[in-house]
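Residue numbers (the UniProt record's numbering): 1 to 528.
We treat Cβ as the ideally placed atom computed from N, Cα and C, and that holds for glycine.
Here is the structure we will look at.
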Ligand SMILES: NC(=O)C1=CN([C@@H]2O[C@H](COP(=O)(O)OP(=O)(O)OC[C@H]3O[C@@H](n4cnc5c(N)ncnc54)[C@H](O)[C@@H]3O)[C@@H](O)[C@H]2O)C=CC1
Ligand SMILES: O=C(O)C(=O)COP(=O)(O)O
């Protein structure tokens, strides 16, 4: 497969990609050139410079995965990627320390006017009185966003004998308490902090979080550090607040427009320390993110579940160990169920029995939906977009869970309701990985879901199976396996035949016309 790398990424990561695929490195591509090139690629690797817009994603007919060698994915239209079934994954941990240390460097530079003093000495001056700074010890640091980097910064601030307040509505008070940090409301950070540092993603909620009105609530003389994303602070409002003396200074690594706009108002104020988005720029971080993203891309291109995908519900490693063996059978059950359906599917219910019911099974339910929607839609349906595609088609998916199980250690049952009736399929694993369908529409069976399966419910009387066999023989179609399933109540049975080729429509029509056959379905399990 072909991979395009469009931002500077460490050779160590590229070498990993080259072990399995062809890699082209093309940097600084104009937007229209990226749109023109992308149809030829299966994967795209970026940092923050390439803008992966809707236009790029819509043109990307073969694209399966976008890998971000870093954290922030605000330069990628993740919604467009999700709709198209393109996995977006990042490398969330490789540059945490780099960004944490850069934040500390920026904070100290700001407190002690280091860049300005450096420039002054370089220009031949010796002005000791002009650059008197402030101490960090004893000051209050407000951390906005107590994630990986925010936590790293908070720990270092505590070591410098600062008091730390943090605002992050998505973490628990326990997490903060364990760190000796007080979790407070946004306005309390504003009112109490001598230094404020941002460590939030740029989202619809955080865009412009720090605007004109916010500066009215800060402690006068506050110093502001932003090594997260430019859009979180309104740059004009910040420049104004510095000029008005409300803010004593700011250290900024990230900007609304990058490379920085020459008209950026921050360039016109003195009390600022600016770096060109250097937070992740250490030798160690660049190797770390490149290796992590390359490994993620290889997993994605193999069609295996990715743990660092940002547009699939994250699955912790211990849960993945339990559910991964069942992903294949779940998908095949979805595929079988949709072939049984006659009408418009309204609901899909997946029941989990046994120990598997004790873990988060959403990814398995997604696998069922993927198997169910794949055969009926033109568009790519995968782990990324299957829940959204189902919802968009008005299909309600639901899970039922019970630890109780009769005959199998773990049993999955898919029930679908259409506007014309209901169908069910139950499946499990024999041993560690042998997929088995053990029930179809109430008939007990023991079927390996692979290849082509001919399913024929019929009246339980002699001669019917023989007639179907004869039709297949007449068309030189080999039967690789066959069994008859029965229900508790006699009267009807189901024949399930594994055939070695696709059955043309005339053959299917002949089979359906056999006296006593109650409908015949052909399921193709050769799903990608
Ligand atoms: N300057 C640079 O080169 C780098 C910048 N970054 C940026 O730093 C930021 C933080 O990165 P990480 O700590 O790795 O991410 P993270 O995901 O570990 O932490 C982000 C935190 O922000 C919190 N958050 C989200 N929305 C919020 C809201 N509306 N209000 C308050 N808190 C909110 C989350 O709960 C989470 O705890 C990201 O924007 C990332 O892009 C990351 C690496 C390098
Ligand atoms: O990882 C992040 O979010 C960063 O901001 C780093 O950006 P970069 O990879 O250096 O362009």
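| task | Using a threshold of 8 Å, state whether the C-beta atoms of residue 458 and residue 421 are closer than that. | result | If you number the chain shown from 1, residue 458 lands on position 458. If you number the chain shown from 1, residue 421 lands on position 421. No; because the gap between Cβ atoms is not below 8 Å, this pair is not in contact.
| message | Given 7 Å as the limit, tell me if residue 254 has its C-beta closer than that to any heavy atom belonging to ligand 3. | response | This structure does not include ligand 3; its bound ligands are ligand 1 and ligand 2.
| field | residue 529, enclosing alpha helix (DSSP H) - first and last residue | value | Absent from the structure is residue 529, since the part of the chain shown begins at 1 and ends at 528.
| message | Between which two residues does the alpha helix (DSSP H) holding residue 458 run? | response | Indexing the chain shown from 1 puts residue 458 at position 458. Residue 458 -> not in any alpha helix (DSSP H); beta strand (DSSP E) instead, spanning 452 to 459.
| request: Please confirm whether residue 440 and residue 468 have their CB atoms less than 8 Å apart. | output: Here residue 440 corresponds to residue number 440 of the chain shown, with the count starting at 1. Here residue 468 corresponds to residue number 468 of the chain shown, with the count starting at 1. It is not a contact, given that the beta carbons lie outside the stated cut-off.
| message | Can you confirm whether the region 328 to 342 touches the region 397 to 405 when touching is taken to mean that 3 or more C-beta pairs between the two stretches lie within less than 8 Å? | response | At 8 Å Cβ cutoff, the stretches do not touch.
| said: Starting from residue 339, trace the alpha helix (DSSP H) in both directions and tell me its first and last residue. | reply: Within the chain shown, the letter at position 339 stands for residue 339. Start and end: 327 to 340.
| Which value, in whole angstroms, describes the spacing of the CA atoms of residue 449 and residue 435? | As a working note, residue 449 is residue 449 in the chain shown. As a working note, residue 435 is residue 435 in the chain shown. Those two C-alpha atoms are separated by around 7 Å.
| said: If you measure between the beta carbons of residue 306 and residue 89, is that distance less than 8 Å? | reply: Numbered from 1 along the chain shown, position 306 holds the residue referred to as residue 306. Numbered from 1 along the chain shown, position 89 holds the residue referred to as residue 89. Against a cut-off of 8 Å, the Cβ pair of residue 89 and residue 306 comes out as a contact.
| Which same chain residues, not among the five before or five after residue 102, have their C-beta less than 7 Å away from its C-beta? | Translated into the one-based positions of the chain shown, residue 102 becomes position 102. So the qualifying residues of the chain are 227, 253, 278 and 279.
| said: Let me check understanding here. Comparing Cα to Cα, which of 374, 138, 31 and 121 lies closest to residue 130? | reply: Translated into the one-based positions of the chain shown, residue 130 becomes position 130. Comparing Cα positions, the closest option is 121.
| request: For my contact list, residue 7 and residue 27 are in at a C-beta cut-off of 8 Å; report their separation, rounded to the angstrom. | output: For the purposes of this step, residue 7 is taken as the residue at position 7 of the chain shown. For the purposes of this step, residue 27 is taken as the residue at position 27 of the chain shown. Under the criterion of beta carbons closer than 8 Å, residue 7 and residue 27 qualify as touching, at roughly 7 Å.
| When DSSP labels each residue in this structure, what does residue 187 get in the three-state scheme? | One-based indexing of the chain shown puts residue 187 at position 187. If DSSP states are grouped into helix, strand and coil, residue 187 belongs with the helices.
| With DSSP run on the structure shown, which of helix, strand or coil describes residue 242? | As a first step, residue 242 must be located in the chain shown, where it is residue number 242. Helix at residue 242.
| Does the Cβ of residue 109 have 16 or more other Cβ atoms within 10 Å, making it buried, or fewer, making it exposed? | Sequence index remark: in the chain shown, residue 109 carries index 109 (1-based). Buried is the call here.
| Does the beta-carbon of residue 193 have 16 or more other beta-carbons within 10 angstroms, so that it is buried, or is it exposed? | Sequence index remark: in the chain shown, residue 193 carries index 193 (1-based). By the neighbour-count definition (other C-beta atoms within 10 Å, threshold 16), residue 193 is a buried residue.
| said: On the criterion of 16 or more Cβ atoms from any shown chain inside 10 Å, does residue 414 qualify as buried, or is it exposed? | reply: Walking along the chain shown from the start, residue 414 turns up at place 414. Under this definition residue 414 is a buried residue.
| Quick one, what's near ligand 2 if you take every residue whose CB is closer than 5 Å to any heavy atom, in chain order? | Cβ-based neighbours of ligand 2 within the cut-off: 47, 48, 70, 71, 72 and 280.
| query | Is DSSP giving residue 131 helix, strand or coil here? | reply | Reading the chain shown from its first residue, position 131 is the one you call residue 131. When DSSP states are grouped into helix, strand and coil, residue 131 belongs to the helix group.
| task | To the nearest angstrom, report how far apart residue 151 and residue 445 are at their CA atoms. | result | Residue 151 sits at position 151 when you count from the first residue of the chain shown. Residue 445 sits at position 445 when you count from the first residue of the chain shown. Inter-residue distance for residue 151 and residue 445 is about 54 Å (C-alpha atoms, whole angstroms).
| Enclosing alpha helix (DSSP H) for residue 249 [first to last residue] | Translated into positions along the chain shown, residue 249 becomes position 249. That residue, residue 249, is in no alpha helix (DSSP H); its beta strand (DSSP E) goes 247 to 252.
| task | Flag residue 289 as yes if its beta-carbon sits less than 8 Å from any beta-carbon of chain B, otherwise no. | result | Of the protein chains in the structure, only one exists, and it is not chain B.
| said: Quick check: the Cα distance between residue 55 and residue 256, rounded to an integer number of angstroms? | reply: Taking the first residue of the chain shown as 1, we reach residue 55 at position 55. Taking the first residue of the chain shown as 1, we reach residue 256 at position 256. C-alpha separation (whole angstroms): 21 Å.
| Residue interval of the beta strand (DSSP E) (run including residue 529) | In the structure as shown, the chain starts at 1 and stops at 528, and residue 529 therefore has no counterpart that could be examined.
| Residues near residue 472 in its chain [Cβ-Cβ closer than 7 Å; skip 5 each side] | Within the chain shown, residue 472 is the residue found at index 472, counting from 1. Correct list, in chain order: 479 and 499.
| If we ignore side chains and look at the alpha-carbon of each, how far apart do residue 148 and residue 95 end up? | As a working note, residue 148 is residue 148 in the chain shown. As a working note, residue 95 is residue 95 in the chain shown. Looking at the two C-alpha atoms, the distance is approximately 10 Å.
| message | I'd like to know whether the C-beta atoms of residue 225 and residue 247 end up nearer to each other than 8 Å. | response | By 1-based counting over the chain shown, the position of residue 225 is 225. By 1-based counting over the chain shown, the position of residue 247 is 247. Contact: no.
| field | Whole beta strand (DSSP E) elements within the region 366 to 437, 3-residue minimum | value | Qualifying beta strand (DSSP E) stretches, in chain order: 396 to 402, 410 to 418 and 421 to 430.
| field | residue 261 classed as buried or exposed, judged by whether at least 16 other C-beta atoms fall within 10 angstroms | value | By one-based count along the chain shown, residue 261 stands at place 261. By the 10 Å Cβ count, residue 261 comes out exposed.
| query | What three-state label does DSSP hand residue 493 in the structure shown? | reply | Sequence index remark: in the chain shown, residue 493 carries index 493 (1-based). Strand, per DSSP.
| With 16 as the cutoff for other CB atoms within 10 Å, does residue 46 come out buried or exposed? | Within the chain shown, the letter at position 46 stands for residue 46. Around the beta carbon of residue 46, 16 or more other beta carbons lie within 10 angstroms, which makes this residue buried.
| Beta carbon of residue 532: closer than 7 Å to some heavy atom of ligand 1? | Since the displayed the chain opens at 1 and closes at 528, residue 532 lies outside it and no answer follows.
| Hey, is the region 67 to 85 in contact with the region 263 to 274, meaning 3+ C-beta pairs nearer than 8 Å? | The region 67 to 85, when compared against the region 263 to 274, does not touch it at the 8 Å Cβ threshold.
| query | Can residue 465 and residue 496 be called in contact, C-beta distance under 8 Å? | reply | Working through the chain shown from its first residue, we reach residue 465 at position 465. Working through the chain shown from its first residue, we reach residue 496 at position 496. No, Cβ-Cβ distance for residue 465 and residue 496 is not below 8 Å.
| query | Do residue 296 and residue 67 have their C-beta atoms within less than 8 Å of each other? | reply | Walking along the chain shown from the start, residue 296 turns up at place 296. Walking along the chain shown from the start, residue 67 turns up at place 67. Cβ distance < 8 Å, so residue 296 and residue 67 count as in contact.
| field | Every unbroken beta strand (DSSP E) inside the region 241 to 327 [3 residues or more] | value | For the region 241 to 327, whole beta strand (DSSP E) runs of length 3 or above, ordered along the chain, are 247 to 252 and 272 to 274.
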